[in-house]
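The sequence shown begins at 22 in the numbering used here and counts up by one.
Where is the CB? At the ideal position from N, CA and C, for every residue including glycine.
What follows is a short report on a single structure.
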Amino acid sequence: MPKFKLNQQISLEALKKMFPSTDRKMLIQNAMIAAAFAIFIFLFFVPILMQNKKMMDQVNNFKWRINQANLKIARIPQLTKEKEIFGARTKQIRDQFFDVKDADQLIGIISTIAADSGVKISASRPVEKPAELPPPFSQMYMSRSYELIVVGGYHNVGSFINKLEHYSKNFSVHNIQIAGGEKNDTAHQCTLIVVAYIKRMGMA
C-alpha cells in the first residue's frame, strides 16, 4: 500500500490507489454490518430499556401504594377508637336536646323545677319569635321560648335560674328582670325568657 504524507492533499485517485478494490469492498461490507448492528441495537434494545423504565416506575408506584395502604391499616385501631369516642360524645350532646315528644311537656318540666326551687310561676306565655340557631344546627334542632313571671325569694329565684341552666336537657335563660326590693325580702317578682332546644323530627 503506497505511503502518503499527512500534509499532502488526498485526492480521490490517491484513495483508489491506497485501497485496492478488495479492501474497499470489505470496508463497505464492514461499514454496512456495523450500521446494521447499530440499527438492530437501537430498534431492539432501546424499546426494551424504555419498557423496563416504565415497569420500574409502575413497580415503584405499586410499592408506594402498598406502603400507604399499610399505614392506613395500621391506623385502623386508632381511628376506630377515635370514632367510638367521637360517637359517644356526639350522643351525649344530642341527648341534651329535648325530643319532639317532650315539646308539650316543657311547661310541666319548668313548673316542677320552679316548685323544687321554692318559686311560683304566676304567668307564662309562648314567645312568638324563638331563638334562632345558626346553620347547620337550624336544620337539626329548633327552639321553643316562653316568657315567665315567677314569684319567690331572691335566693329562690337564683336557684330556679341555676337549675334551669344546669338541667340535663338544654334550657337557656334570657332577659332576666327582677322587680325592686331588698335581697332579704320574702318575695320578688321576676320576668324572664326560657328557651328549650328540641331535636327536629327524624333527628333522633
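- Query: To the nearest whole angstrom, what separates the beta carbons of Y162 and I219, a pair I think is in contact under 8 Å?
  - Reply: 7 Å
- Task: Note down, in chain order, each residue of its chain lying with its Cβ closer than 7 Å to the Cβ of N88, except the 5 sequence neighbours on either side.
- Result: none
- Query: What do you reckon, are the CB atoms on F181 and V216 nearer than 9 Å?
  - Reply: no
- What's the gap between the Cα of K190 and the Cα of T207? 30 Å
- For the alpha helix (DSSP H) that contains E186, what are its first and last residues? Y175 to E186
- Task: Tell me whether A217 sits in a helix, a strand or coil according to DSSP, three-state version.
- Result: strand
- Look up P147 in the DSSP assignment and say whether it is helix, strand or coil. strand
- Task: List the whole-angstrom C-beta distance separating S143 from V171, where the pair is believed to meet the contact cut-off of C-beta under 8 Å.
- Result: 7 Å
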